[in-house]
Every structure is written in structure tokens, then in C-alpha cells.
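J.: Sharing a structure, written as C-alpha cells. Questions coming.
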Amino acid sequence: MLRAQRARLLVVTLSCTIALTAPTSAGAEDTDPVVVANGTFSSPTVSNGKSFEQGIDNWTGGGRATATRAAHPQGLQAAGLGWNGAISTRLRGVRSGATVTLSWDDNPDGCVAEGSAKRQYTVTVAGAANQPGLLATNTPTGKTNWFIGRSYSFTAAEDSPQLTFTAGSGENISGCPVLITNVSARQTAPPPKQNDPCAGESASSPACKDVAADKEKIDKCPPTDRDCLAGVAGDGKAEKDGIAKETQAVDDFGKVPREQDPNTAASELCTLPNALTSGLKPGDAVVPPSEWWFC
214 MLRAQRARLL VVTLSCTIAL TAPTSAGAED TDPVVVANGT FSSPTVSNGK SFEQGIDNWT
274 GGGRATATRA AHPQGLQAAG LGWNGAISTR LRGVRSGATV TLSWDDNPDG CVAEGSAKRQ
334 YTVTVAGAAN QPGLLATNTP TGKTNWFIGR SYSFTAAEDS PQLTFTAGSG ENISGCPVLI
394 TNVSARQTAP PPKQNDPCAG ESASSPACKD VAADKEKIDK CPPTDRDCLA GVAGDGKAEK
454 DGIAKETQAV DDFGKVPREQ DPNTAASELC TLPNALTSGL KPGDAVVPPS EWWFC
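Here the sequence shown is numbered in the working numbering, starting from 214 and rising by one per residue.
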């Protein structure tokens with residue numbers, strides 16, 4: 214009994230720990246990958262002899278730390294939130310209405326003294342319904358202390374939504390910035406738009422009003438009442454008349470008199486092949502010329 218109680222206590226403790234460390238609530242199970250340009254901040258490579266360098270390809274603001282300075286478990290370069298306080302990029306290939314789950318790693322940086330408060334920063338995307346995600350790094354230890362797998366979920370309010378990481382108040386320290394790297398994303402695309410000609414403002418047009426009225430009338434007709442359906446959709450007279458006209462046109466075309474009989478024209482074409490084969494004797498060809506063609 215005591216052992217079972219200890220096991221239940223361990224499960225409860227672990228559950229509480231997970232709840233406290235999750236920076237944001239996870240969204241739907243987004244499965245389709247999204248290309249995050251330069252999400253590992255590997256471009257450009259920091260120049261030899263430097264630990265940090267400003268500028269990140271495909272991102273606005275911030276700077277990058279060498280793989281040695283970042284000391285990420287995967288040996289990645291990292292972006293620092295200590296230059297201009299923020300970095301941003303756009304998630305190309307994401308359409309408005311898609312649900313997106315971001316993932317990345319963060320580090321308070323090894324130059325922060327052990328025992329200091331966790332360092333805060335935010336992640337934001339456009340859209341009134343997308344509240345900024347307030348994040349806090351692991352507790353500084355005076356050395357590298359990466360958290361692997363932060364996440365933030367949102368619904369895109371625009372095509373190619375802009376993603377921004379911003380250093381918290383008082384965290385904009387150029388020599389000791391909050392570091393992030395390994396930014397990736399997955400999405401569930403919105404359903405395709407329906408090309409309904411009577412959607413939106415077009416619904417009030419005369420033609421769409423007539424269609425809507427006819428649909429309402431047809432909905433009221435019993436499926437077996439042909440007269441009721443014909444009263445709404447018509448008896449198809451115009452369509453039947455059109456088919457009859459086409460049938461008559463084809464028939465009339467076949468009755469047009471020709472100047473020469475087709476067989477006579479074909480016989481005249483035999484003059485040249487007959488001249489070419491007239492000198493052949495039986496046995497000169499496997500298939501006799503008389504069986505080559507009409508002639």
C-alpha cells in the first residue's frame with residue numbers, strides 16, 4: 214500500500230512540474246511542416262575570432278552567436294535578443310486561417326550569474342485573438358542551460374504571418390542576450406475556399422435571388438411529384454428543341470449532294486501506285502501489290 218501511494222505521489226508531482234514548465238498551451242496536432250527560413254541562425258557564419266556578430270539572414274534585427282558561444286547540444290549557432298531587443302521573420306507558406314505550432318530552444322546565456330532570476334521574453338504574431346506568449350528561460354546557472362522544445366500555438370490572421378521574439382524589459386543586454394535557436398513550425402492548413410458565385414455581396418443580385426427562391430420551392434416539392442418539380446425547373450422544352458435542331462443539322466449535312474462519287478475519286482488516286490507496281494512479278498514481294506491498298 215505504501216509503495217502504491219508513493220507511485221501516485223510521483224505521478225502527481227511530475228504532472229505539476231510539466232504544467233509549470235509549459236510556456237503556452239498547445240494547440241491542435243499540427244502535422245504539415247512549415248519552412249522557417251534560417252531557423253537555426255546558421256547564415257551567415259560568425260566571422261573567425263568573434264563570438265557575436267550582428268545581422269541574421271532572412272530575419273530582421275538581432276545578431277547571432279557562434280556555435281561555440283551558444284553551446285547548443287546540436288552545435289547550432291543562436292540568435293541573441295540583446296540587439297534592438299527583437300528579431301522577426303515571416304512564415305512563408307502559411308495561409309490565413311491555418312493553425313500553427315511553433316517550436317524552438319532557449320538559453321538564459323552562460324554569462325548570467327547563478328541564482329539570478331529567469332530571463333523573460335515574448336513571442337508575438339498578428340491577430341487580435343493571438344495573445345503574446347510570455348516566456349521565461351531556465352534558471353541561470355552561470356553556464357549554458359538550454360531548454361529544448363518551447364512551443365507556442367496560434368491561428369494565422371494573415372497570409373505569411375510575421376513572427377517576432379522580443380527581449381523582456383531589462384533583458385536587452387548586448388553582451389549577454391537571451392539566446393534562441395532551432396526555430397521550426399508545423400501547421401494544419403485551412404479548408405479550401407468555396408467558389409460560390411452567390412456568396413457574400415453577390416447573394417443580393419437578381420440572379421442569385423432567383424436561384425435561392427427556386428431552391429426553396431424545389432425543397433418543398435415531394436421527390437415523386439413530377440408536376441411540382443416541372444413547375445419550378447420547367448419541362449426542358451428549350452433543351453429538347455436545341456437537341457432536335459442539332460440532330461436535324463447532322464442529318465441535313467449527310468444529304469448534301471456531292472459532285473463526285475467517293476469510289477470514283479478513290480479510283481483516280483490509283484494511277485500513281487499502279488504505275489509503280491506494274492513491273493513487279495509474282496514472287497517479287499511477299500505480299501502481292503493487289504493486296505497493299507484499295508487499288
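For glycine and all other residues, C-beta sits at the position ideal for the given N, C-alpha and C. Source: prediction; values computed, not measured.
Looking at the structure shown, is Gln287 part of a helix, part of a strand, or coil, going by DSSP?
T.: Counting from one through the sequence shown, the residue named residue 287 turns up at place 74. Gln287: coil per DSSP, three-state reduction.
J.: If you follow the beta strand (DSSP E) that Gln400 is part of, which residue opens it and which one closes it?
T.: What you label residue 400 is simply residue 187 of the sequence shown in a count that begins at 1. Unbroken beta strand (DSSP E) run through Gln400: 392-401.
J.: Leaving out the 5 sequence neighbours to the left and right, which residues in its chain are closer than 8 Å to Pro286 when beta-carbon positions are compared?
T.: Numbered from its first residue, the sequence shown carries residue 286 at position 73. So the qualifying residues of the chain are Trp359, Ile361.
J.: Within 10 Å of its beta-carbon, does Ile456 have 16 or more other beta-carbons around it, so buried, or fewer, so exposed?
T.: What you label residue 456 is simply residue 243 of the sequence shown in a count that begins at 1. Counting Cβ neighbours within 10 Å, Ile456 comes out exposed, since fewer than 16 surround it.
J.: Can you give the beta carbon distance from Lys331 to Thr352, rounded, assuming they're within the 8 Å contact cut?
T.: Looking up residue 331 in the sequence shown gives position 118. Looking up residue 352 in the sequence shown gives position 139. Indeed, because the Cβ distance is near 6 Å, the residues count as touching under 8 Å.
J.: From Cys483, Ala291, Asn261, Ala341, pick the residue whose C-alpha is nearest to that of Pro321; which is it?
T.: The residue labelled residue 321 in the question sits at position 108 within the sequence shown. For Pro321, the nearest C-alpha among the options comes from Ala291.
J.: Taking only runs of the beta strand (DSSP E) that begin and end inside the segment 257-335, which ones reach a length of at least 3 residues, in chain order?
T.: Correct list: 265-267, 276-278, 291-293, 299-303, 312-320.
J.: Grab the span of the alpha helix (DSSP H) containing Thr460 for me, first residue to last.
T.: Position 247 of the sequence shown, counting from 1, holds the residue named residue 460. 450-467 is the extent of the alpha helix (DSSP H) around Thr460.
J.: Since Ser316 contacts Ser364 with CB under 8 Å, what's their CB separation in whole angstroms?
T.: Taking the first residue of the sequence shown as 1, we reach residue 316 at position 103. Taking the first residue of the sequence shown as 1, we reach residue 364 at position 151. Sure, about 5 Å apart at Cβ, within 8 Å.
J.: Under the three-state reduction of DSSP, which class applies to Asp181: helix, strand or coil?
T.: No answer is possible for residue 181: it lies beyond the span of the chain, which begins at 214 and ends at 508.
J.: Taking the continuous alpha helix (DSSP H) assigned at Pro246, which residues delimit it?
T.: Position 33 of the sequence shown holds residue 246. Counting along the chain, Pro246 falls outside any alpha helix (DSSP H), though it belongs to the beta strand (DSSP E) covering 245-247.
J.: Thinking C-beta only, is Leu304 closer than 8 Å to Val249?
T.: Here residue 249 corresponds to residue number 36 of the sequence shown, with the count starting at 1. Here residue 304 corresponds to residue number 91 of the sequence shown, with the count starting at 1. Yes; because the gap between Cβ atoms is below 8 Å, this pair is in contact.
J.: To the nearest angstrom, how far is the alpha carbon of Thr401 from that of Thr279?
T.: One-based indexing of the sequence shown puts residue 401 at position 188. One-based indexing of the sequence shown puts residue 279 at position 66. Rounded to whole angstroms, Thr401 to Thr279 spans 34 Å at the Cα level.
J.: Please work out which residues of its chain come closer than 8 Å, Cβ to Cβ, to Ser260, disregarding the five sequence neighbours upstream and downstream, and give them in chain order.
T.: Mapped onto the sequence shown, residue 260 falls at position 47. So the qualifying residues of the chain are Glu266.
J.: How far does the alpha helix (DSSP H) with Arg488 in it reach, from first residue to last?
T.: Position 275 of the sequence shown, counted from the start, is the residue given in the question as residue 488. Reading off the sequence, residue 488 comes out as Ala, not Arg. It spans 484-490 - the alpha helix (DSSP H) in which Ala488 sits, taken as one unbroken run.
J.: Closest to Ile243 by C-alpha separation, out of Ala311, Thr253, Gly293, would be which residue?
T.: For the purposes of this step, residue 243 is taken as residue 30 along the sequence shown, with counting starting at 1. For the sequence presented, residue 243 should be read as Asp rather than Ile. Asp243 has its Cα closest to that of Ala311, out of Ala311, Thr253, Gly293.
J.: Among Ile300, Glu459, Asp270, which has the Cα closest to the Cα of Ile393?
T.: Residue numbering aside, residue 393 sits at position 180 when the sequence shown is read from its first letter. It is Ile300 whose Cα lies nearest to the Cα of Ile393.
J.: Please confirm whether Thr377 and Thr337 have their CB atoms less than 8 Å apart.
T.: Walking along the sequence shown from the start, residue 377 turns up at place 164. Walking along the sequence shown from the start, residue 337 turns up at place 124. In contact: Thr377 and Thr337 (Cβ atoms closer than 8 Å).
J.: In or out: Glu384 buried (at least 16 other Cβ within 10 Å) or exposed?
T.: Counting from 1 along the sequence shown, the entry for residue 384 is found at position 171. Buried, since its Cβ has 16 or more Cβ neighbours within 10 Å.
J.: What's the call for Gly467, buried or exposed, on a 16-neighbour Cβ count within 10 Å?
T.: Locating residue 467 in the sequence shown gives position 254, counting from the first residue. Flag for Gly467 reads exposed.
J.: Could you check which residue in Leu347, Asp497, Ala380 has the C-alpha nearest to that of Gly293?
T.: Counting from 1 along the sequence shown, the entry for residue 293 is found at position 80. The option with the nearest alpha carbon to Gly293 is Ala380.
J.: Can you give the Cα-Cα distance for Ala451 and Cys411, rounded to whole angstroms?
T.: Locating residue 451 in the sequence shown gives position 238, where the first residue counts as 1. Locating residue 411 in the sequence shown gives position 198, where the first residue counts as 1. Rounded to whole angstroms, Ala451 to Cys411 spans 25 Å at the Cα level.
J.: Determine the burial state of Val469: buried for a count of at least 16 other Cβ atoms within 10 Å of its Cβ, exposed for fewer.
T.: As a working mapping, residue 469 is identified with position 256 in the sequence shown. Exposed.
J.: Evaluate Val396 with the Cβ neighbour count: other Cβ atoms within 10 Å of its Cβ, from every protein chain shown; 16 or more gives buried, anything less gives exposed.
T.: Walking along the sequence shown from the start, residue 396 turns up at place 183. That one is buried.
J.: Pull up the CB-CB distance for Arg180 and Ala369, whole angstroms please, since I reckon it's below 8 Å.
T.: Residue coverage of the chain in this structure runs from 214 to 508, which leaves residue 180 outside it and unanswerable.
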